[in-house]
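Novice: Per this note's numbering, numbering of the sequence shown is gapless, rising by one per residue and ending at 360.
Backbone N, C-alpha and C fix where the C-beta goes; we use that ideal spot for every residue, glycine too.
Source: prediction; values computed, not measured.
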Amino acid sequence: FGVKPASLYAHVRSSDDLRTGIALLALDELADRAADALAGRAGKDALFAFAEAYRSYAREHPGRYAATRHPLDHATALASAG
Numbered sequence: 279f280g281v282k283p284a285s286l287y288a289h290v291r292s293s294d295d296l297r298t299g300i301a302l303l304a305l306d307e308l309a310d311r312a313a314d315a316l317a318g319r320a321g322k323d324a325l326f327a328f329a330e331a332y333r334s335y336a337r338e339h340p341g342r343y344a345a346t347r348h349p350l351d352h353a354t355a356l357a358s359a360g
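1) Would you tell me roughly how many angstroms separate the C-alpha atoms of R333 and D351, rounded to the nearest one?
2) By Cβ distance, which residues of its chain are closer than 8 Å to F328, with the 5 residues on each side in sequence left out?
3) Just how far apart, CA to CA, sit V290 and T346?
4) Taking DSSP as the reference, what is the three-state secondary structure of A320?
5) Count the other C-beta atoms from every protein chain shown that fall within 10 angstroms of the C-beta of Y335, then say buried if there are 16 or more, exposed otherwise.
6) With a CB to CB cut of under 8 Å and the five nearest residues on each side skipped, what residues in its chain are close to L302?
7) Just to check my reading of the structure: A288 and R342 have Cβ atoms closer than 8 Å, yes? What is that Cβ distance to the nearest angstrom?
8) Please say whether H348 and R297 have beta carbons closer to each other than 8 Å?
Okay, structure coming up:
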């Protein structure tokens, strides 16, 4: 990419901030996908649609899915909840 590793920190404060940003992006994407899958569904149909949306996101974006496991501090979690 032609970017020196140190220049990354001109955009984020730390590697933890970078991980947090990726986690938040992935969680937003996963929430959008789940909402789309659940729209107009109920009961078992909703459960299966949610599971398929979750599973397909994990398969299509394994790195981002892994990032969803990054722990968020309390303030960040509250702010991201909207």
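Specialist: Looking at the atomic coordinates:
1) Reading the sequence shown from its first residue, position 55 is the one you call residue 333. Reading the sequence shown from its first residue, position 73 is the one you call residue 351. Looking at the two C-alpha atoms, the distance is approximately 26 Å.
2) Here residue 328 refers to the residue found at position 50 of the sequence shown. Here the set comprises A312, A315 and L316.
3) Residue mapping note: residue 290 aligns to position 12 of the sequence shown, counting from 1. Residue mapping note: residue 346 aligns to position 68 of the sequence shown, counting from 1. Their backbone Cα atoms lie some 19 Å apart in a straight line.
4) By one-based count along the sequence shown, residue 320 stands at place 42. Here A320 sits in coil by DSSP.
5) Residue mapping note: residue 335 aligns to position 57 of the sequence shown, counting from 1. Looking at its Cβ environment, which holds 16 or more other Cβ atoms inside 10 Å, Y335 is buried.
6) The residue labelled residue 302 in the question sits at position 24 within the sequence shown. The residues are L350, T354 and S358.
7) What you label residue 288 is simply residue 10 of the sequence shown in a count that begins at 1. What you label residue 342 is simply residue 64 of the sequence shown in a count that begins at 1. Actually they do not touch by this definition, with Cβ atoms about 23 Å apart.
8) Counting from 1 along the sequence shown, the entry for residue 297 is found at position 19. Counting from 1 along the sequence shown, the entry for residue 348 is found at position 70. The answer is yes: Cβ separation under 8 Å.
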